[in-house]
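J.:
Number of protein chains: 2
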Amino acid sequence: MSKLPTHNTNLRHRARHSGSKIHYSSPSCCRGSLYDYLATMKAWIDYILQFGSLSQEQLDLISQKATTLELRKDEYYLQAGKISRRFGFLMEGIMRVSYYNSKEEEITKYFVDENNIVVDLQSFDNDQPSAANVQAITDCKLIVFSKQGWEGLLGTVTGWDQLVRKIISKALLQKVERISPLVSEDATTRYLSFMEKYPNMANRIPLSYLASYLGITQSSLSRIRKNIR
Amino acid sequence: MSKLPTHNTNLRHRARHSGSKIHYSSPSCCRGSLYDYLATMKAWIDYILQFGSLSQEQLDLISQKATTLELRKDEYYLQAGKISRRFGFLMEGIMRVSYYNSKEEEITKYFVDENNIVVDLQSFDNDQPSAANVQAITDCKLIVFSKQGWEGLLGTVTGWDQLVRKIISKALLQKVERISPLVSEDATTRYLSFMEKYPNMANRIPLSYLASYLGITQSSLSRIRKNIR
DNA sequence: GAAATCATTTGCCAAATGGCAAAAAAGGGG
DNA sequence: CCCCTTTTTTGCCATTTGGCAAATGATTTC
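In order, the protein sequence lines correspond to chains A and B.
Under our numbering, think of the first position of the first sequence as 232, with each following residue one higher.
Under our numbering, think of the first position of the second sequence as 232, with each following residue one higher.
1. Between the beta-carbon of residue 361 of chain B and the beta-carbon of residue 406 of chain B, is there less than 7 angstroms?
2. Does any residue of chain B have a CB that is nearer than 7 angstroms to the CB of residue 350 of chain A?
3. Determine, for residue 286 of chain B, whether the minimum Cβ-Cβ distance to residues of chain A falls below 7 angstroms.
4. List the residues of chain B that residue 356 of chain A touches, going by C-beta distances under 8 angstroms, in chain order.
5. Determine, using beta carbons only, whether residue 322 of chain B and residue 294 of chain B come nearer to each other than 7 angstroms.
6. Kindly indicate which residue of A:338, A:392, A:340, A:348 has the alpha-carbon position closest to the one of residue 324 of chain A.
7. Using the beta-carbon count (16 or more within 10 Å), is residue 457 of chain A buried or exposed?
8. Which chain B residues sit within Cβ distance under 9 angstroms of residue 279 of chain A?
9. Name, please, each residue of chain A whose Cβ falls closer than 8 angstroms to the Cβ of residue 384 of chain B.
10. Can residue 445 of chain B and residue 429 of chain B be called in contact, C-beta distance under 7 angstroms?
11. Tell me which same chain residues have a C-beta within less than 7 angstroms of the C-beta of residue 377 of chain B, skipping the five on either side of it?
12. Let me know the secondary structure DSSP gives residue 397 of chain B once reduced to three states.
13. Is the distance from the Cβ of residue 350 of chain A to the Cβ of residue 413 of chain B below 7 angstroms?
14. Let me make sure I understand the geometry here. Which of A:310, A:410, A:345 has the alpha-carbon closest to that of residue 277 of chain A?
15. Below 7 angstroms between beta carbons is the criterion; list the residues of the stretch 439 to 452 of chain B that meet it against any residue of chain A, in chain order.
16. Shorter than 7 angstroms from the beta carbon of residue 458 of chain A to some beta carbon of chain B?
17. When you compare the stretch 365 to 375 of chain A with the stretch 298 to 312 of chain A, are there three or more beta-carbon pairs, one atom per stretch, that lie closer than 8 angstroms?
18. Less than 7 angstroms separating the beta-carbons of residue 307 of chain B and residue 366 of chain B?
19. Using a C-beta to C-beta distance shorter than 7 angstroms, which residues of chain A count as neighbours of residue 364 of chain B?
20. Please name the residue in A:384, A:386, A:390, A:342 whose C-alpha comes closest to that of residue 386 of chain B.
21. Look up residue 372 of chain A in the DSSP assignment and give the residues it is bridged to.
22. Would you grab the beta carbon distance between residue 357 of chain A and residue 310 of chain A for me? Rounded to a whole angstrom, and I think it's under 8 angstroms.
23. Identify the residues that DSSP records as bridge partners of residue 360 of chain B: which are they?
24. Which residue wins for smallest C-alpha separation from residue 353 of chain A, given the options B:388, B:369, B:425, B:399?
25. Identify the contact partners of residue 406 of chain B in chain A, using a Cβ-Cβ distance below 7 angstroms as the criterion.
26. Using three-state DSSP, classify residue 458 of chain A as helix, strand or coil.
27. DSSP three-state call for residue 348 of chain A: helix, strand or coil?
28. State yes or no: is the beta carbon of residue 403 of chain B nearer than 7 angstroms to at least one beta carbon in chain A?
29. Is residue 261 of chain B close to chain A? Criterion is C-beta to C-beta, closer than 7 angstroms.
30. Determine the DSSP secondary structure at residue 212 of chain B, reduced to helix, strand or coil.
31. Put residue 309 of chain A into one of helix, strand or coil per three-state DSSP.
32. Excluding the 5 residues preceding and the 5 following residue 472 of chain B in the sequence, name in chain order all residues of the same chain whose CB lies nearer than 6 angstroms to its CB.
33. Would you please verify whether the beta carbon of residue 306 of chain B is less than 7 angstroms from any beta carbon of chain A?
34. Measuring CB to CB, does residue 283 of chain A end up less than 7 angstroms from residue 441 of chain A?
35. Can you tell me which of the three DSSP states residue 279 of chain B falls into?
36. Using a Cβ-Cβ cut-off of 8 angstroms (strictly less than) and excluding sequence neighbours within five positions of residue 424 of chain A, which residues of its own chain qualify?
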């Protein structure tokens, strides 16, 4: 549908696990570390607490499995064909998930913004090669769990499985709800409702990515913007 | 996008829980009942066994919570605005899930075919009114669990939560994978790949429903079909 | 099996979107 | 501040899709 101009898609995966920046220890520890912990993990903790209540001990167990990861604009978090054994949570920035359609055009499947999970479940759950790329559109900060660490929580945190089920089903339902109107609404409506629902993403996403997400070419999107003015 | 002709959409919900047709008892029971059990539940049992192994006792516990439900063509299984506390599994037939877009056109969000679950998770999990209609396109046979029965299994079947997580995440991932190409491919490609992937649905779905699923009008779909011939 | 109803196709023309290339605008680095 | 690169807009025209209404085909009902 849309042919995209080449972007500065640096495929070298310069990202590295930037050594855990979590200096948190148990509550008995000194105050400074607790502050760091709260600062680093607060959004994540708030996020999971939506889905069920957890004791401080359980939150500790979970946090101890987390590492942080920083990506610079245009860096890839995951490349199609590779198996991803990481479960991520996006603290800052915007990422996009893309794949290649039948015309070899790179299509933006969806965007991920702050305080949402970033994971290729097909790959993570079944150790299958990913069908999609995941790329930072802006500089990003994530919290990342290894598959081992994530699954280890099954044994140590009671109700973890139920919590994970809720997290995942909310995230996947959200994807379906976001994509569905892209099929049934006209292009102008699609653009306007994107701007309305995600105003803070709008300014940070290159139009070429947005156009492919909306299912139109970049020039069509540009013309739509003109007509609206 | 597409304006649909009016269908014979009988809104009276003639469907009724047709009194459990499951005559199954524990394996120590007479042979006839066991046959009934196998015949009625086999597809369902096979389905859940994909996601983890279960003992005969666990399968019994699960089966005892199931009822069967038959719907005739055009009957509604769920109507938008109502809260759905049922978890279904489609044994025979095809259903469609639809909603109203911003132009009040009824859009087919997706089809459900044999051996797949039928549930509005948003409604089921959170007791919220459903945003979608679910309607039988052909005569249908389902297995249905009440929310109470379904959740009761949490206490009696070890690992039930994990199994449910896998069932749900597979079903939701499938939805996303099916919808995504509807945004990125041209209409002819969308139609052709639908025919290729779901040949046995093709003959059983009215074109108007298929057109709205594909994001085009019925007349456009008709013209596309003509061009292919 | 004739009438009525429903589903699909088609004609005609308008509107929306695509393809390509060039121009304009915006941004980044020295 | 200027040059270079990237991003966005625009012009021109072809192609696709939509809207509407009528015609055709299929199915049901009595």
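In this text, a Cβ means the ideal position worked out from N, Cα and C, and glycines have one as well.
T.: From the atom records:
1. no
2. no
3. no
4. Under the 8 angstroms cutoff, chain B gives 397, 400.
5. Not a contact, by the Cβ cut-off of 7 angstroms.
6. A:348
7. exposed
8. Ordered by position in chain B, no residue passes the 9 angstroms Cβ test against residue 279 of chain A, which lies about 15 angstroms from the chain.
9. Those do not exist, as residue 384 of chain B stays about 13 angstroms from chain A at its closest Cβ, beyond 8 angstroms.
10. no
11. 316, 317
12. helix
13. no
14. A:345
15. 446
16. Chain B contact via Cβ: absent.
17. yes
18. In this structure, residue 307 of chain B sits near residue 366 of chain B, with a CB-CB distance shorter than 7 angstroms.
19. Residues of chain A passing the Cβ test: none, with the nearest at roughly 14 angstroms.
20. A:390
21. A:301, A:323
22. Not a contact, Cβ separation roughly 18 angstroms.
23. Residue pairing from DSSP places residue 360 of chain B in a beta bridge opposite B:314.
24. When only C-alpha atoms are compared, the closest one is B:399.
25. Within chain A, the residues 407 have their CB atoms less than 7 angstroms from the CB of residue 406 of chain B, given in chain order.
26. helix
27. strand
28. yes
29. Low per-residue confidence applies at residue 261 of chain B: pLDDT is 48, beneath 50, and the placement is therefore not dependable enough to give any value.
30. Any answer about residue 212 of chain B is impossible in this case: the structure gives chain B only from 232 up to 460.
31. strand
32. In the structure displayed, chain B extends from 232 to 460; residue 472 of chain B sits before or after that span and is not available.
33. Cβ-Cβ to chain A under 7 angstroms: no for residue 306 of chain B.
34. no
35. helix
36. 412, 416
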